[in-house]
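Below is one structure, written out as structure tokens; comments come after it.
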Amino acid sequence: MQDLTNAFVELIRRTSTDLPGDMELALRDAREYEAPGSAAQGALDTMLVNQEMSRRLSRPICQDTGTPIFEVHYPVGWSTRALAAQIKQAVVIATEKAYLRPNAVDSISGANSGDNTGTEFPTIHFHEWDEDGVQVDLMLKGGGCENVGAQYSLPNAPLKAGRDLEGVRKVVLDAVQRAQGQGCAPGVLGVAIGGDRGASYAFSKQQLFRPLGDRNDDPELAALEETIKEQANELGIGPMGFGGKTTVLDVQIDSLHRLPASFFVSVSYMCWANRRRSMIVRGEEVTYQ
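Read in order, the letters of the sequence shown correspond to residues 1230 to 1518 in the working numbering.
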């Protein structure tokens, strides 16, 4: 297998310095939706100027370049150990080039590794598939939005939320209300229904790789995505918590099987700097999306 280290560095650069097209368009649409001269519109203006400068100068969109989360889909015969080594080396190089801020801190000593590598850092998930090529999806998830993620166990008596989709709606809106502007709104919500605690959280983050506007194939979940988006925007939290009409840009929901005794709902919040990109390798050709 070929050495993809330099290709991974380029994937990191593109992800850190340039928002996906759907996110930039959503921010521009939100800017037009907010009241002229309002703090909400001003916050969105700043985000858009920041994005334009980051793209032009090839500098990180946000000072918190977050946890790199790689989802690697690979064909039979590829070495996951070699791919992991190349990804980690690319992360080191990207940190040296200032595409990433040194973010890997030892939880016991408080020491920063200085190169964004450490125990389970970066996060890498491997998925073997039947395709011939390799696809690598990368998300950079900052600390502010990660900190306002939430997990609920239904039923939830204080919220009067039962073990049904109405209960899911209630707890997800509660998570948005609690987050206020601390998640750097307007955000995107990834929601997982079911699973165990660990699988539920991981699956909620996977939803954040979906393009904006993508709706679940299950009509009930698709309708719930739209309902929560609408009702979250009625909370009036607005961009960066300044008030306004745009608190979330989209809601992405999916479900997992669960134990009869458990019913978890996990909410992963992604900030306006929704940094996600993909790299596809077919033979010697590498393309980026």
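Ideal Cβ placement from N, Cα and C applies to all residues, glycine included.
Beta-carbon to beta-carbon, P1415 and A1259 are separated by about 6 angstroms, close enough to satisfy the 8 angstroms threshold. Here R1504 is buried, its C-beta having at least 16 other C-beta atoms within 10 Å. Pairing C1413 with A1268 gives a Cβ-Cβ distance that is not under 8 angstroms. Secondary structure within the segment 1297 to 1383: the alpha helix (DSSP H) runs of 4 or more consecutive residues, fully enclosed, are 1309 to 1325 and 1372 to 1376 (chain order). By the neighbour-count definition (other C-beta atoms within 10 Å, threshold 16), T1275 is an exposed residue.
Under the DSSP assignment, Q1481 falls outside any alpha helix (DSSP H), being part of the beta strand (DSSP E) whose first and last residues are V1477 to S1484. Within the same chain, and ignoring the five residues on either side of A1408 in sequence, the residues whose Cβ sits closer than 7 angstroms to its Cβ are V1377 and Y1498.
In the structure shown, A1404 adopts helical secondary structure according to DSSP, grouped into three states.
Distance from the CA atom of Q1380 to the CA atom of A1431, rounded to whole angstroms, is 11 angstroms.
Taken atom to atom, the span from the alpha-carbon of D1232 to that of L1367 is near 18 angstroms. The segment 1317 to 1329 makes contact with the segment 1235 to 1242; the number of CB pairs closer than 8 angstroms reaches 3 or more. The closest CA to that of D1393, considering only E1300, I1298, A1236 and S1484, is found on S1484. A direct Cα-Cα distance of roughly 14 angstroms separates L1248 from G1295.
If you check the CB distance, D1344 and P1304 do not come in under 8 angstroms. By the Cβ rule, the segment 1384 to 1392 does not count as touching the segment 1456 to 1466, because fewer than three pairs are nearer than 8 angstroms. Rounded to whole angstroms, the separation of the alpha carbons of G1512 and A1236 is 13 angstroms.
Per DSSP, G1271 is one residue of the alpha helix (DSSP H) stretching across A1268 to L1286.
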